[in-house]
Structure formats: C-alpha cells, structure tokens
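The letter at position 31 of the sequence shown is residue 30 when you use numbering that gives the first Met the number 0, and the numbering goes up by one with no holes.
Shown next, in structure tokens, is the structure this report addresses.
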Amino acid sequence: MSVDDREFEELFGAELSGVVRAAFVVCHDTGRAEDLAQEAFLELLRHWGRVSHYDRPGAWVRRIAIRKAVQATKREARRSWFERRAAVSPATDEVSPVRADGALWAAVRSLPSKQRAVVALFYYEDLSVQDVAGVMGCSASTVKVHLHRARDALRTCVTPTGSLS
C-alpha cells in the first residue's frame, strides 16, 4: 500500500461520518446522504493527486458532497412538482401531459443517450445550455449540436398539425 493510498484511507475513515452528516442536513435522508458521501469520496479519489496537497482535503470533499446534496434536493423538488402537475385532476377532467404525450416520450427514449440526456436536462430539468454543458462535461456548442439533432429527430415524429405521427 502506497503512502497516497494510506493517506486517502485515513482521510476517508476520519471524514466519512462528518461528510454523511453534512449531506444529511441538506437532503434529510440518511440513505441518500450516505450515497452522496460515497459519490463525493469517489470524486475525491479521482482528484486525489491534486487535492491531497490541499491544507484541508476534508473540506473539499464536504463541499462536493453538499453540492451534490443540493443538486439532488433541487432535482427531487422539480420532479415532485412535475409529477403533481402531470397528475390527472378528476375535478377538471384534465389529462396528464405525460400520458397524452406517450408517443413523444417513446420517441425521446429512442434518441441516442447523449441526446436524451441533453433533452432531459434542458427541457425537463430546465437547465441553461451552459449548465447542461457543465453537467455533461462538454462545451456549450456540443450541447447545442445534441439539442439540434434531437429536435430534428423528434420533429419527424410530429405532424404539421402538432399531433404525433
């Protein structure tokens, strides 16, 4: 075992419970907080060569875990909002957009994975092109290319009247 491996293991042992607690404060779910802490430590391991030289690598991993917890909490809140909005309302006889657009969702599922991800982040998560680029780890122009290709592919599924073909 190298010195770097030993240092990482020592930091992991010393900081894990604190990182889980920090994530829990944000997401209020113990299991989710544990998962987020593990994801943050994986991120730390990927960047260990650089972060190990920081004065406080434990603070770095906490920051990553908290950022991930905030993102997860926002994502869950948006998902919950969309699910409530998409639910059928018996009082108004309103139809669920998800159910009504089943063919469109099937078309989205048929897109290549990167195009699906861009569509989900841009339209469902309501992220800007820049934010999508940050999440996907690519340039804004790459996101625009994926969006353009996805729109072209989805356009073939929609007739000129707006209904699905």
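Yeah, the Cβ is synthetic: ideal placement off N, Cα and C, and Gly gets one too.
Measuring only the C-alpha atoms, how far is glutamate 42 from arginine 49? Those two C-alpha atoms are separated by around 12 Å.
Range covered by the alpha helix (DSSP H) that runs through threonine 141: Unbroken alpha helix (DSSP H) run through threonine 141: 139 to 154.
Quick check on glycine 30: does DSSP put it in helix, strand or coil? helix
For the alpha helix (DSSP H) that contains serine 127, what are its first and last residues? Note, serine 127: premise wrong, no alpha helix (DSSP H); not H, not E.
Return the chain-ordered list of same chain residues with a C-beta closer than 8 Å to the C-beta of glycine 17, the five sequence neighbours on each side being excluded. Gly57 and Arg61
For a quick check, are the C-beta atoms of alanine 32 and alanine 68 less than 8 Å apart? yes
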